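Engineer: Okay, handing you the structure first.
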Amino acid sequence: MSKEHSFDIVSEVNIQEVDNAISQALKEIVTRYDFKGSKSSIERTDKEKITIISDDEYKLESVIDILKGKFIKRDLSQKVLNFGKIEKASGGTVRQVATLVSGISSERAKKITTAIKDSKLKVKAQIQNEQIRVSAKSINDLQEVIQMVKGLDLDFPVQFVNMR
Numbered sequence: 002m003s004k005e006h007s008f009d010i011v012s013e014v015n016i017q018e019v020d021n022a023i024s025q026a027l028k029e030i031v032t033r034y035d036f037k038g039s040k041s042s043i044e045r046t047d048k049e050k051i052t053i054i055s056d057d058e059y060k061l062e063s064v065i066d067i068l069k070g071k072f073i074k075r076d077l078s079q080k081v082l083n084f085g086k087i088e089k090a091s092g093g094t095v096r097q098v099a100t101l102v103s104g105i106s107s108e109r110a111k112k113i114t115t116a117i118k119d120s121k122l123k124v125k126a127q128i129q130n131e132q133i134r135v136s137a138k139s140i141n142d143l144q145e146v147i148q149m150v151k152g153l154d155l156d157f158p159v160q161f162v163n164m165r
């Protein structure tokens with residue numbers, strides 16, 4: 002019974018679901034009356050950047066709202082979107098770039114491990130690259146850690162994987 006149990010805390014983005022959310026948002030933009038004749042578009046320019054273009058700032062905000070709604074429907078956290086500033090683009094349009102944030106940075110990992118250590122549970126938390134490995138002898142302690150981390154007010158999404 003001295004076997005150690007563990008799980009990893011990660012922050013990952015499902016790129017396929019992001020692509021699905023973008024295509025659903027584009028379908029809605031094409032069918033909506035208020036976007037008739039608009040130059041609005043959403044495009045994933047590389048692995049972690051989404052470029053949003055529209056006629057003016059008001060329509061750009063509407064496009065972003067549609068995209069966020071599709072993220073919610075596809076069970077993606079809006080916390081993965083880090084929006085840049087609005088800039089002027091060619092043809093009198095405006096553009097905004099959103100970066101997809103994945104992985105847990107070292108300062109964020111320290112915040113989580115400190116909270117775990119402050120909980121006084123008999124668990125060990127180790128930072129490994131962009132994830133945190135939590136291990137303990139009792140599965141119940143690990144489940145308490147999961148509930149405690151879910152209750153933290155984090156500015157990024159976390160998932161719990163590799164439960165052993």
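Using our numbering, read the sequence shown as starting at 2 and increasing by one per residue. Beta carbons are placed, not taken as given, at the ideal position from N, Cα and C, and that holds for glycine. Note that this is a predicted model, so its numbers are computed, not measured.
(1) For Ile16, tell me which candidate among Ile51, Lys4, Ser42 and Val31 has the shortest Cα-Cα distance.
(2) Which value, in whole angstroms, describes the spacing of the CA atoms of Glu145 and Asp20?
(3) With three or more beta-carbon pairs closer than 8 Å as the criterion, would you say the stretch 63-73 touches the stretch 26-36?
(4) Would the beta-carbon of Val124 fall within 8 Å of that of Leu153?
(5) Which stretch, first to last residue, makes up the beta strand (DSSP E) that contains Lys118?
(6) Just the C-alpha distance for Asp9 and Lys151, rounded to the nearest angstrom, thanks.
(7) Specify the secondary structure class of Ser55 as computed by DSSP and reduced to three states.
(8) Here's a check: name, in chain order, each residue in its chain whose Cβ is nearer than 7 Å to the Cβ of Arg134, leaving out the five neighbours to either side.
(9) Helix, strand or coil for Ile87 per DSSP?
(10) Count the other C-beta atoms from every protein chain shown that fall within 10 angstroms of the C-beta of Lys48, then say buried if there are 16 or more, exposed otherwise.
Structural biologist: In short:
(1) Ile51
(2) 34 Å
(3) yes
(4) no
(5) Premise fails: Lys118 lies in the alpha helix (DSSP H), Ser107 to Asp119, not in any beta strand (DSSP E).
(6) 14 Å
(7) strand
(8) Ser7, Asp9 and Gln127
(9) coil
(10) exposed
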